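Chemist:
Residue numbers (this note's numbering), protein chains in the order written: chain Z, 82 to 487; chain A, 82 to 487.
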């Protein structure tokens, strides 16, 4: 008789954003007259930039012609895209990353949940707390996290690195030595960042203890301050300890287009086994590449027109971020984030739990946000709002929150 | 110090088609004057059908407009596509499958390599031998296959079901009881099929012993004979024992477009744990959906125009299949397949090993095929040619093979 992977059964509840979505739909169904505004899931709302639309149309035309039709893509992705990434995201910032160290994929969510697969099940992970839930959940499914304590919401075999107001929402080197360290800067959900010297400390630490940093830089396009690194490869020694994951979802509005990539430097090895070789094998065996037309859209992101149009798109969302940040401050909330990231992180008023505030906000302002506790135990009593709505709906949501009785 | 997943290190050599590709490139580099024809990897060559191009263009336009822009897709895929699949692939054939039992993905390769993840590592798999290498390789990576014997090319914990000329290339119920049974009909690489009564035996067997059938129906569009089932759900009782995986790659030329789906009936359970719920959780946590524009292209496959245009495309490839089959017969080869599948399976001449014949064919006829041994130990001394080339190159390849001295 077959048996299931019972690690799945250890997962408490459903995936955070599925629950948020379900609660919103239930509320809307019960109150069809209310206009609910979503500032919850980090989903973009602005249409694709004209340069990207042009690239998509042109690639579709190529697929209609036998001479230019493309079947299976190369395992690591098309060179035109990997070259554009290497030149613009890395070489232009002084990072020594070559095109054949870049693996194109259908998104950072897939990559950051699949990357754990090339590591031993004995490896111990460290995560920022709070953080994007996929890091922990994917390790739960693999059986790497031990047992779950329902009261503390803590996994016995995960090293949590609390990011709270006390440490300005940036993690400290943990007491126990991890094998795999998930870092995400600008952080989802807090919007916090580290400067280059702080990130260098993490790289030095990882090299010293033989850990791998899994660096999620999905929000790097939102960095506005000078001293904040866009890539971990800006730090010395990162080539021997760091894997970087990137997404086109947030810098180019590709949440529904699906494109991302992972960088694995060739020096990154456990004894003489190269992680680059293992991930190559995984791509070759378990994946078949992002669609050709989507890879052409990714290439357009790096064109002169693409850069200009997307800079304007990022500025549009960051204008929302400022509106949310300032509006909540005025209303008396304790707020952070929103400067180098499209996320605003707020303390729930009156010591409400995160889910209590979720229900309160939905019921009283008809605004959907994301409960901080869904991102880890230290997220309790916090709440995330995103800047990815339209300007009009963002203004309306914040005005409603300001008018809301606490 | 971090450690790697050493199951990866057990894999012999690189992924089959990566090796085939490398050998072809090396030969071409050494003989730049030779026109090499590829009848190896199952990659299509005909351009996308007009109806599909239209759907793609129109969906791209939608993404350029704030009112019709789409971000993250629903976890299971868009309803318009899941409804079209349920109606056309299942209800129209009398199969009781509903839209919410269908999980849209970026292809059958991903699904059939990821599906093992929801099962216990203790489960024992059974595979046809020869078969598509991804089933075994993905289980090797997960650690489910025991040790590899280099001489016999056999994994200690895999149940092999030899498919040879003796049993007309169809598997027999194995002596040892498996937990997970991978079946692929029409089979890749042999092109063999089973009739409905034979498939019913497998369903009855799986229900009796409590096994799950992982049914890969990627080639169902190529079935030309009446009594060959297109879906395992044509059999009674399949809803309690079978998962079906489908691809748009071969029926609609989507190898570079990337779309597929997996069906998990809600009755399929281990005690009271529903596999549908586990796969839902995996989709929600580790995947972010196929691109919206690609899902619209998938919908167009089921339109009246799509059906007509794709029927012509399948007929085009099957005309190639007939040319290959008949040509090889005339040249004295022992040949099977090619009637309900775009694959022709031939016995290597003069007792050559599969890789010897690969080199011989490449060197003497400048034709690339796929060595049968790459699909499993019982594929040794066999060879696969595909009908996915253009008609002109297929004719030229077969004429060269006919002229080749053996």
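Yeah, the Cβ is synthetic: ideal placement off N, Cα and C, and Gly gets one too. Bear in mind that the values here come from a model prediction, so they are computed numbers and not experimental data.
1. Counting only Cβ-Cβ distances shorter than 8 Å, please list the residues of the segment 122-145 of chain A near chain Z, keeping chain order.
2. Name the one or two DSSP bridge partners that residue 385/Z has.
3. Closest Cβ-Cβ distance between residue 82/Z and chain A: below 7 Å?
4. Using 10 angstroms around the beta-carbon of residue 465/A, count the other beta-carbons present and answer buried if the total reaches 16, otherwise exposed.
5. Does residue 112/A pass the burial test, meaning 16 or more other C-beta atoms within 10 Å, or should it be called exposed?
6. Here's a check: name, in chain order, each residue in its chain whose Cβ is nearer than 6 Å to the Cβ of residue 143/A, leaving out the five neighbours to either side.
7. Compile a chain-ordered list of the residues in the segment 349-370 of chain Z whose CB is closer than 8 Å to at least one CB of chain A.
8. Per DSSP, residue 342/Z forms a beta bridge with which residues?
9. In the DSSP assignment, what are the bridge partners of residue 243/A?
10. Taking the CB atoms as reference points, tell me whether residue 321/A and residue 282/A lie closer together than 7 Å.
11. Count the other CB atoms, across all protein chains shown, that sit within 10 Å of the CB of residue 330/A; report buried if there are 16 or more and exposed otherwise.
12. Which residues share a DSSP beta bridge with residue 404/A?
13. Report yes or no: do three or more beta-carbon pairs, one from the segment 233-249 of chain A and one from the segment 387-398 of chain A, lie closer than 8 Å?
14. Helix, strand or coil for residue 464/Z, going by three-state DSSP, please let me know.
15. Please give the ranges of any alpha helix (DSSP H) in the segment 85-110 of chain A, keeping only runs that are unbroken, at least 4 residues long and fully inside the region.
16. Return the residues of the segment 192-211 of chain Z that lie within a Cβ-Cβ distance of less than 8 Å from chain A, sorted by chain order.
17. Who are the near neighbours of residue 499/A in its chain, counting only those whose CB is closer than 6 Å to its CB and skipping five residues on each side?
18. Taking the continuous alpha helix (DSSP H) assigned at residue 277/Z, which residues delimit it?
19. Let me know if residue 116/Z comes out buried or exposed under the rule of 16 or more other beta-carbons within 10 Å of its beta-carbon.
20. Does DSSP put residue 475/Z in a helix, a strand or coil?
21. Of all the options 374/A, 420/A, 437/A, which has the alpha carbon lying nearest to the alpha carbon of residue 162/A?
22. Would you check if the segment 247-262 of chain Z and the segment 197-211 of chain Z touch, i.e. whether three or more CB-CB distances between them fall below 8 Å?
23. Find the residues of chain A that neighbour residue 260/Z, judging by a C-beta separation of less than 9 Å, and give them in chain order.
24. I need the boundaries of the alpha helix (DSSP H) containing residue 300/A, first residue and last residue.
25. Is the segment 442-454 of chain Z close to the segment 407-414 of chain Z, with three or more CB pairs under 8 Å?
26. Give a yes or no on whether the C-beta atoms belonging to residue 128/Z and residue 146/A are separated by under 7 Å.
27. So what's residue 441/A in DSSP terms, helix, strand or just coil?
28. At the 7 Å Cβ level, is residue 238/Z part of the contact set with chain A, yes or no?
29. Please report the straight-line C-alpha distance between residue 256/Z and residue 241/Z, rounded to a whole angstrom.
30. What's the call for residue 277/Z, buried or exposed, on a 16-neighbour Cβ count within 10 Å?
31. Taking residue 487/A as the reference, which of 473/A, 444/A, 404/A has the closest Cα?
32. Could you check the C-alpha separation between residue 383/A and residue 157/A for me, to the nearest Å?
33. Drop a sphere of 10 angstroms on the beta-carbon of residue 332/Z, count the other beta-carbons inside from all chains shown, and report buried for 16 or more, exposed for fewer.
34. Just to confirm the assignment, what range does the alpha helix (DSSP H) spanning residue 359/Z have?
35. Check the Cβ of residue 150/Z against every Cβ in chain A and list those closer than 9 Å, keeping chain order.
36. May I ask you to report which of helix, strand or coil DSSP gives residue 227/A?
Modeler: On the basis of the coordinates in this document:
1. Among the residues of the segment 122-145 of chain A, those with a Cβ less than 8 Å away from any Cβ of chain Z are 122, 124, 125, 126, 127, 128, 129, 131, 134, 137, 138, 141, 142, 144, 145, in the order of the chain.
2. Bridge pairing for residue 385/Z: absent [DSSP].
3. Output row for residue 82/Z: interface = yes.
4. Counting the other Cβ atoms within 10 Å of the Cβ of residue 465/A gives 16 or more, which makes it buried.
5. Under this definition residue 112/A is an exposed residue.
6. 149, listed in sequence order.
7. Residues passing the 8 Å Cβ filter: 351, 354, 356, 359, 362, 363, 365, 366, 367, 368, 369, 370.
8. Residue 342/Z has 185/Z, 327/Z as its beta-bridge partners, per DSSP.
9. The partner list for residue 243/A (beta bridge, DSSP) reads 210/A.
10. With respect to residue 282/A, residue 321/A sits apart: the two C-beta atoms are not nearer than 7 Å.
11. Note on residue 330/A: 16 or more other CB atoms within 10 angstroms of its CB, so buried under the neighbour-count rule.
12. By DSSP's assignment, residue 404/A forms no beta bridge with any residue.
13. Taking a cut-off of 8 Å for Cβ pairs, the segment 233-249 of chain A and the segment 387-398 of chain A do not touch, as fewer than three such pairs fall below it.
14. Correct three-state label for residue 464/Z: strand.
15. As summarised for the segment 85-110 of chain A, the continuous alpha helix (DSSP H) elements at least 4 residues long and confined to that stretch are 88-91, given in chain order.
16. Those would be 194, 195, 198, 199, 200, 201, 202, 203, 204, in chain order.
17. As displayed, chain A neither begins before 82 nor continues past 487, which places residue 499/A out of reach and without an answer.
18. That run of the alpha helix (DSSP H) goes 277-290.
19. It counts as exposed.
20. If DSSP states are grouped into helix, strand and coil, residue 475/Z belongs with the helices.
21. Across the set 374/A, 420/A, 437/A, the C-alpha of 374/A shows the shortest separation from the C-alpha of residue 162/A.
22. With a cut-off of 8 Å, the segment 247-262 of chain Z and the segment 197-211 of chain Z count as touching, because enough Cβ pairs lie within range.
23. Under the 9 Å cutoff, chain A gives 82, 83, 84.
24. For residue 300/A, no alpha helix (DSSP H) run applies, since DSSP gives it neither H nor E.
25. Contact between the segment 442-454 of chain Z and the segment 407-414 of chain Z is absent: fewer than three C-beta pairs spanning the two stretches fall below 8 Å.
26. Residue 146/A sits close to residue 128/Z, with the two beta carbons spaced by under 7 Å.
27. For residue 441/A, the three-state secondary structure derived from DSSP is helix.
28. For residue 238/Z, no CB of chain A lies under 7 Å from its own CB, so it is not counted at the interface with that chain.
29. Rounded to the nearest angstrom, the two C-alpha atoms are 10 Å apart.
30. That one is exposed.
31. Taking only the C-alpha atoms, the option nearest residue 487/A is 444/A.
32. Rounded to the nearest angstrom, the two C-alpha atoms are 19 Å apart.
33. Buried, because 16 or more other Cβ atoms sit within 10 Å of the Cβ of residue 332/Z.
34. From DSSP, the alpha helix (DSSP H) with residue 359/Z extends over 356-367.
35. Neighbours of residue 150/Z on chain A, chain order: 125, 126, 127, 128, 129, 334, 337.
36. DSSP, reduced to helix, strand and coil, places residue 227/A outside both helices and strands of the structure shown, so it counts as coil.
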